[in-house]
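Enquirer: Residue 1 is where the sequence shown starts when you use our numbering, and the numbers rise one by one after that.
Cβ coordinates follow ideal geometry from the N, Cα and C atoms, glycine included.
None of these values were measured; they are calculated from a predicted model.
Quick one: the structure is below, and I'll ask about it shortly.
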Amino acid sequence: MKGVLTEEEKKKVEELLENQYGISNALKNYVAIVSGENRIRITHKDVLEFSWKLKGVVNIGLYIAKLAENEVSLSIEGTQLFSGLIRKNIINLTIDEAEKWMRGETLRIENVSNSRYVVAKFDDIFLGTGRVGKDGLIYPQIPKNRLTAQNLRSAENL
C-alpha cells in the first residue's frame, strides 16, 4: 500500500486498529495516505485536493501510525488523537516510568497484554506505543529526535 488508500485498504487498517487497540471507525472522517516506511498519515479531502494544486508538496497530513505485517504501531500523535477511542492494550505509567519512557528506556510492567504493541499513558496523557519484547520488556517507540534528555527538569516541577 502506497499513496491514498482505497476504501477497502482503509477498512483493513481500521480492522487492525480495532483488533489491537479497540479503536472503532477511527478513519471514517479522514483520507488516509501511506507514505515512505509504511507511515500512515491522515488529512481531510479538501486539504488533499488543495495540495495537488501546489508544487513541491512532499508530505501531507498528520502522521498517526506505522504499518508492519498486519500490525499497527501508533505514533505519539496517533495515541493522542485517538485517546478517547483506545480501549485495549493500555498501560498506565507512574511519573518515574513516564520519564523513563520518554527517554526511550525499556520498562518491565506486570500483567502486560499479550499484544505485540501497547499504548502508554500517564494520567490522561498518551505517550505513544511500545513494542512488547519476548523478554517481557516494553520498548518505547519514540523517535530519537523526540527523546528527552536525562538532565531535563522533572515533569512534576513544571
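Check this for me: beta carbons of Leu48 and Val31, under 8 Å apart or not?
Expert: yes
Enquirer: Could you tell me which of Glu7, Ser115 and Asn145 sits nearest to Ile138, measuring between CA atoms?
Expert: Residue Ser115 is the option with its Cα nearest to Ile138.
Enquirer: Mind checking who Thr43 pairs with in its DSSP beta bridge?
Expert: Val31
Enquirer: For Val132 versus Val72, is the C-beta distance shorter than 8 Å?
Expert: no
Enquirer: Can you list, in chain order, the residues of its chain with a C-beta nearer than 8 Å to that of Glu161? Leave out the 5 residues immediately preceding and following it.
Expert: The question about residue 161 has no answer, for the chain in this structure spans 1 to 158.
Enquirer: Would DSSP call Val130 helix, strand or coil?
Expert: Checking the displayed sequence, the identity of residue 130 turns out to be Gly instead of Val. Three-state result, Gly130: strand.
Enquirer: Kindly identify the DSSP beta-bridge partner or partners of Gly3.
Expert: Val34
Enquirer: In whole angstroms, what is the alpha-carbon distance linking Leu81 and Thr6?
Expert: 22 Å
Enquirer: What residue from Arg103, Lys2 and Asp124 has the CA that sits closest to Arg41's CA?
Expert: Nearest option by C-alpha distance: Lys2.
Enquirer: Would Ser24 be called buried (16 or more neighbouring beta carbons within 10 Å of its own) or exposed?
Expert: exposed
Enquirer: Identify which residue in Arg87, Lys10 and Thr94 has its Cα closest to the Cα of Met29.
Expert: A small correction: the amino acid at residue 29 is Asn; Met does not occupy that position in the sequence shown. Residue Lys10 is the option with its Cα nearest to Asn29.
Enquirer: For Leu70, count the other beta carbons within 10 Å of its own beta carbon; 16 or more makes it buried, fewer makes it exposed. Which is it?
Expert: Correcting the residue type first, residue 70 is Asn in the shown sequence and not Leu. Under this definition Asn70 is an exposed residue.
Enquirer: Where does Leu93 fall in DSSP's three states?
Expert: coil
Enquirer: For Ser51, which residues of its own chain have a beta-carbon under 7 Å away from its beta-carbon, when the five flanking residues on both sides are left out?
Expert: Val57 and Ile60
Enquirer: For the alpha helix (DSSP H) containing Ile76, list its first residue and its last residue.
Expert: Ile76 to Leu81
Enquirer: Could you pull out every residue in the same chain whose Cβ sits closer than 6 Å to the Cβ of Leu67, ignoring the five residues on either side in sequence?
Expert: Asn38
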